[in-house]
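Asks:
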Amino acid sequence: GAVVSQHPSWVICKSGTSVKIECRSLDFQATTMFWYRQFPKQSLMLMATSNEGSKATYEQGVEKDKFLINHASLTLSTLTVTSAHPEDSSFYICSASETSGGPYEQYFGPGTRLTVT
Amino acid sequence: SQQGEEDPQALSIQEGENATMNCSYKTSINNLQWYRQNSGRGLVHLILIRSNEREKHSGRLRVTLDTSKKSSSLLITASRAADTASYFCATDLPYNTDKLIFGTGTRLQVFP
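Quick note, the sequences are listed as chains A and B, same order.
Numbered according to the working numbering, the first sequence spans residues 467 to 583.
Numbered according to the working numbering, the second sequence spans residues 97 to 208.
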């Protein structure tokens with residue numbers, strides 16, 4: 467089946483630094499990738515949608531200058547949390563889809579736990 | 097917002113019992129999906145049901161969809177301890193089938 471990986475699986479960083487999280491589709495080409503944020507015992511909240519080679523579309527309330535998304539190839543998308551603060555601590559999950567225009571299945575990565583001290 | 101609400105928030109049962117989770121949403125949809133998440137992990141797709149379908153089965157899973165009530169249910173029969181996880185429904189939007197809006201989730205614990 468389709469596999470999506472994330473790296474790192476967990477990261478601790480100091481307040482004010484930037485952190486990059488990678489999301490890769492290992493055995494398929496991802497037309498679209500999605501980034502979600504999940505707080506403990508809560509649901510996933512969509513942050514942004516990215517298509518290869520174009521700018522990401524951010525959801526309302528998500529700061530695009532703080533959460534930089536780059537979808538450089540059909541197998542790689544990155545999320546950079548810039549000038550991280552403790553309130554950015556969360557579980558970040560990416561997903562990827564082979565097609566757009568639905569219905570389709572999103573394949574999820576294992577998530578990255580970010581802790582900002 | 098479109099975010100679905102799931103009921104119950106938490107459910108504890110014994111192995112062998114059935115588990116039923118319900119999901120309600122607010123606007124019309126094209127498709128509804130159910131996902132499972134083990135603690136601290138990513139999501140696993142369980143089943144997709146289209147708006148013109150009323151029921152779908154996959155192994156021990158049975159999903160129903162009532163578009164008139166804007167609700168869906170997930171039934172897990174003969175539950176096992178390994179079914180312990182959080183379960184989320186996810187809907188698309190009538191004008192955008194690419195985006196998924198997740199429900200609040202049900203945390204299921206199955207005791208051996």
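Glycine is no exception: its CB is placed at the ideal position from the N, C-alpha and C atoms.
This structure is a prediction, so every number in the text was calculated from the model and none was measured.
Between B:S168, B:N148, B:F198, B:R150, which has its C-alpha nearest D188 (chain B)'s C-alpha?
Replies: One-based indexing of the second sequence puts residue 188 (chain B) at position 92. It is B:F198.
Asks: What's the gap between the Cα of H551 (chain A) and the Cα of V206 (chain B)?
Replies: For this step, residue 551 (chain A) is matched to residue 85 along the first sequence. For this step, residue 206 (chain B) is matched to residue 110 along the second sequence. If you take the alpha carbons of H551 (chain A) and V206 (chain B), they lie about 37 Å apart.
Asks: Closer than 8 Å is the cut-off here; do at least three beta carbon pairs connect the segment 500-514 of chain A with the segment 119-130 of chain B?
Replies: Taking 8 Å as the limit for Cβ pairs, the verdict is that the segment 119-130 of chain B does not touch the segment 500-514 of chain A.
Asks: My guess is that V470 (chain A) and Y573 (chain A) are in contact by the Cβ rule of under 8 Å, so how many angstroms apart are they, rounded?
Replies: What you label residue 470 (chain A) is simply residue 4 of the first sequence in a count that begins at 1. What you label residue 573 (chain A) is simply residue 107 of the first sequence in a count that begins at 1. At roughly 5 Å, the Cβ-Cβ gap stays under 8 Å, so V470 (chain A) and Y573 (chain A) are in contact.
Asks: DSSP on A496 (chain A), reduced to helix/strand/coil?
Replies: The sequence position of residue 496 (chain A) within the first sequence is 30, counting from 1. Note: A496 (chain A) maps to coil in three-state DSSP.
Asks: Checking the sheet assignment: what are the DSSP bridge partners for E101 (chain B)?
Replies: Here residue 101 (chain B) corresponds to residue number 5 of the second sequence, with the count starting at 1. Partner(s): B:S120.
Asks: Below 9 Å on C-beta distance, what does E571 (chain A) contact in chain B?
Replies: Counted from its first residue, the first sequence places residue 571 (chain A) at position 105. Those are Q129, H141, L144, listed as they occur along chain B.
Asks: Taking the alpha-carbon of S484 (chain A) as reference, which of A:P576, A:S549, A:P474 has the nearest alpha-carbon?
Replies: The residue you call residue 484 (chain A) lines up with position 18 of the first sequence. It is A:S549 whose Cα lies nearest to the Cα of S484 (chain A).
Asks: Provide the residue span of the beta strand (DSSP E) that contains E488 (chain A), from first to last.
Replies: Position 22 of the first sequence, counting from 1, holds the residue named residue 488 (chain A). Element bounds for E488 (chain A): 485-491.
Asks: Output the distance between the C-alpha atoms of V140 (chain B) and G112 (chain B), rounded to the nearest integer angstrom.
Replies: Your numbering for residue 140 (chain B) matches position 44 in the second sequence. Your numbering for residue 112 (chain B) matches position 16 in the second sequence. Going by the C-alpha atoms only, they are around 22 Å apart.
Asks: Taking I559 (chain A) as the query, report the chain B residues whose CB atoms sit under 8 Å from its CB, ordered along the chain.
Replies: For the purposes of this step, residue 559 (chain A) is identified with residue 93 of the first sequence, where counting begins at 1. Per Cβ cutoff of 8 Å: G138, L139.
Asks: How long is the line joining the alpha carbons of L107 (chain B) and D554 (chain A), rounded to whole angstroms?
Replies: Here residue 107 (chain B) refers to the residue found at position 11 of the second sequence. Here residue 554 (chain A) refers to the residue found at position 88 of the first sequence. Between L107 (chain B) and D554 (chain A), the C-alpha separation is close to 30 Å.
Asks: Which residue's Cα is closest to the Cα of T180 (chain B): B:S168, B:H153, B:G201?
Replies: If you number the second sequence from 1, residue 180 (chain B) lands on position 84. The option with the nearest alpha carbon to T180 (chain B) is B:G201.
Asks: Between which residues of its own chain and A177 (chain B) is the CB-CB distance below 8 Å, once the five residues before and five after are set aside?
Replies: Within the second sequence, residue 177 (chain B) is the residue found at index 81, counting from 1. Only E111, V206, F207, P208 meet the Cβ criterion.
Asks: Of all the CB atoms in chain A, is at least one closer than 9 Å to the CB of I197 (chain B)?
Replies: As a working mapping, residue 197 (chain B) is identified with position 101 in the second sequence. So, interface residue.
Asks: Just checking: is the beta-carbon of V470 (chain A) within a distance shorter than 9 Å of some beta-carbon in chain B?
Replies: What you label residue 470 (chain A) is simply residue 4 of the first sequence in a count that begins at 1. For V470 (chain A), the answer is yes, since a Cβ of chain B falls inside 9 Å of its Cβ.
Asks: Over what stretch of residues does the beta strand (DSSP E) that includes A514 (chain A) continue unbroken?
Replies: Along the first sequence, read from residue 1 onward, the residue named residue 514 (chain A) stands at position 48. Segment 510-517, the beta strand (DSSP E) holding A514 (chain A).
Asks: On the CB-based measure, 16 or more other CB atoms within 10 Å of its CB, does W130 (chain B) come out buried or exposed?
Replies: Locating residue 130 (chain B) in the second sequence gives position 34, counting from the first residue. W130 (chain B) comes out buried.
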